[in-house]
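All remarks here apply to the structure that follows.
Protein chains: 2
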Amino acid sequence: MKKEIRIVGIDDMPFSFKEKHTDIVGAVMRGGKYLESILKTTIEVDGKDATDKITGMIEGSRHRGQIKIIMINGIALGGFNIVDCEKIFLATHIPVITIARKKPNPKKIEEALKKHFDDWKERIELINKGETEEIKLKYPVYIKYFGIERNSAIDAIKLSIIRGAIPEPIRVAHLIATGIKKGESRGRC
Amino acid sequence: MKKEIRIVGIDDMPFSFKEKHTDIVGAVMRGGKYLESILKTTIEVDGKDATDKITGMIEGSRHRGQIKIIMINGIALGGFNIVDCEKIFLATHIPVITIARKKPNPKKIEEALKKHFDDWKERIELINKGETEEIKLKYPVYIKYFGIERNSAIDAIKLSIIRGAIPEPIRVAHLIATGIKKGESRGRC
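Chains as they are written, first to last, in the numbering used here: chain H, 4 to 192; chain Y, 4 to 192.
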């Protein structure tokens, strides 16, 4: 895999439950090193539009032809706005990798969804697409991948980590998302 | 000068003249390589608060003790909200360098200020603090510097340029400022 492969990392801005919408940020980088572009779009908190909004953000970008991998900080943005990574891959033909620092707890998520959403079955079905796999690098991360082979997904993660556990495109998107919303970036991805 | 010296680069978000305020973004980097933090604050379009807002943004940051140089994209942000770099240096004890890709045209600026502002004399006085100097690197840039010697200012600029004419902390702040406001980053610094 080329060291300068273009990856877009995506994370959401922090939000309060009073807010109906939140912004998501995409950081387009060459490997883990050079920032090429920043993308932004708006999704509904606990909505169902994250998949289409991410697809539109990438399809509408001037960098669309260069982006070879999409990395997302987890499987849900803006609360429980669950991302259908398979659908994004089928629409864009760009592989999608989700990365989480914490081990997902499907039972807890299921309980929360049942409690708060009439369409909880549909959301659980989306969450259950793909297998979650623990990858043991310097720090463990939990990933899913769509449209890419396991070895290539791991290669892409390895080459885009500079420090710590999280690939630079997601780390940078997280710094921007929290910094712009809060005045100073904070917290782990 | 240490290669990993912490520099904050500052640029403003684009705005229309209908808007009374605009945001400014600070990108804290180690040299030109590693993004450490994002800062944001809000200033008045054509106002007079940029100096105090930048000072507050930096003094209030968790990275305050690490930041060794402030770089600003030009001498004015948010239209004609002119930055008093000397005052920022005296308040923070952090050297300030302004960098512009285009040669400033003092006569044109003076005409515009006279036309639009009752306090044009005061604003011109601020603009005229420090000498503008052309630095011939791979591409020429026009700089002013406050609280730092000429050679050290040039060293800091050189070590923080990766590609092109503009130090990474300012380039990254520009990408974020335009990307967040417009949905996709655009334009040169």
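The beta-carbon is built from N, C-alpha and C at its ideal position, and this holds for glycine as well. These numbers were taken from a predicted model, which means no experiment stands behind them.
Run through chain H and tell me which residues come within less than 8 Å of residue i, C-beta to C-beta.
{"i": "Y/S64", "result": "E187"}
{"i": "Y/V11", "result": "The premise fails here: Y/V11 is roughly 11 Å from chain H at the closest Cβ pair, so nothing lies under 8 Å."}
{"i": "Y/V3", "result": "Chain Y is shown from 4 up to 192; residue 3 of chain Y falls before or after that span and cannot be answered."}
Cβ closer than 9 Å: which chain H residues qualify as neighbours of residue i?
{"i": "Y/I97", "result": "Neighbours of Y/I97 on chain H: none; closest Cβ ~16 Å, over 9 Å."}
By DSSP, does residue i sit in helix, in strand, or in coil?
{"i": "H/K23", "result": "coil"}
{"i": "Y/T101", "result": "strand"}
{"i": "H/N154", "result": "helix"}
{"i": "Y/R9", "result": "strand"}
{"i": "Y/I85", "result": "strand"}
{"i": "Y/K185", "result": "helix"}
{"i": "Y/K161", "result": "helix"}
{"i": "H/I169", "result": "coil"}
{"i": "H/K106", "result": "coil"}
{"i": "H/K195", "result": "Only positions 4 to 192 of chain H appear in this structure, which leaves residue 195 of chain H out of reach."}
{"i": "Y/F149", "result": "strand"}
Which chain H residues are close to residue i, counting only those with a beta carbon under 7 Å from its beta carbon?
{"i": "Y/K43", "result": "G182, I183 and G186"}
{"i": "Y/L178", "result": "L38, S40 and I41"}
{"i": "Y/I160", "result": "Neighbours of Y/I160 on chain H: none; closest Cβ ~18 Å, over 7 Å."}
{"i": "Y/I165", "result": "Y37"}
Are the C-beta of residue i and some C-beta of chain C separated by less than 8 Å?
{"i": "H/I73", "result": "Note that chain C does not occur in the displayed structure, where the protein chains are H and Y."}
Would you check if the distance between the CB atom of residue i and the CB atom of residue j is smaller than 8 Å?
{"i": "Y/G35", "j": "Y/L162", "result": "yes"}
{"i": "H/P143", "j": "H/G12", "result": "no"}
{"i": "Y/D14", "j": "Y/A176", "result": "yes"}
{"i": "H/I173", "j": "H/I70", "result": "no"}
{"i": "Y/R33", "j": "Y/R67", "result": "no"}
{"i": "Y/I183", "j": "H/K43", "result": "yes"}
{"i": "Y/T181", "j": "Y/R189", "result": "yes"}
{"i": "Y/F18", "j": "Y/G81", "result": "yes"}
{"i": "H/I85", "j": "H/I130", "result": "yes"}
{"i": "H/F151", "j": "H/P98", "result": "Reading off the sequence shown, one finds Ile at residue 151 of chain H, where the question assumed Phe. Contact: yes."}
{"i": "H/I1", "j": "H/A53", "result": "Coverage of chain H is limited to positions 4 through 192, which leaves residue 1 of chain H absent and any answer about it impossible."}
{"i": "H/K132", "j": "H/W123", "result": "no"}
Quick check on this structure: which residue in the options has the alpha carbon closest to the alpha carbon of residue i?
{"i": "Y/I100", "options": "Y/E137, Y/G59 and Y/H119", "result": "Y/E137"}
{"i": "Y/N108", "options": "Y/Q69, Y/L42 and Y/G77", "result": "Y/G77"}
{"i": "Y/L38", "options": "H/G186, H/R166 and H/K185", "result": "H/R166"}
{"i": "H/L178", "options": "H/Q69, H/A156 and H/M16", "result": "H/M16"}
{"i": "H/E134", "options": "H/I160, H/C88 and H/E114", "result": "H/C88"}
{"i": "H/L93", "options": "H/K23, H/S64 and H/T58", "result": "H/T58"}
{"i": "H/F83", "options": "H/A30, H/P98 and H/E114", "result": "H/E114"}
{"i": "Y/A194", "options": "Y/M74, Y/R189 and Y/L80", "result": "What is shown of chain Y runs 4 to 192, which leaves residue 194 of chain Y out entirely."}
{"i": "H/K105", "options": "H/F20, H/E187, H/A168 and H/T45", "result": "H/A168"}
{"i": "H/R65", "options": "H/T45, H/E47 and H/S40", "result": "H/S40"}
{"i": "H/D121", "options": "H/D26, H/G50, H/I46 and H/T45", "result": "H/G50"}
{"i": "H/V48", "options": "H/A79, H/E125 and H/N154", "result": "H/A79"}
{"i": "H/V31", "options": "H/I72, H/T25 and H/N154", "result": "H/I72"}
{"i": "H/E7", "options": "H/G63, H/I127 and H/I160", "result": "H/I160"}
4 or more residues per run - each alpha helix (DSSP H) lying fully within the stretch 32 to 77 of chain Y: DSSP runs (the alpha helix (DSSP H)) wholly in the stretch 32 to 77 of chain Y: 53 to 62.
Alpha helix (DSSP H) runs contained entirely in the stretch 112 to 139 of chain Y, provided each spans 4 or more residues: Taking only runs of at least 4 residues, the alpha helix (DSSP H) segments lying wholly in the stretch 112 to 139 of chain Y are 123 to 130.
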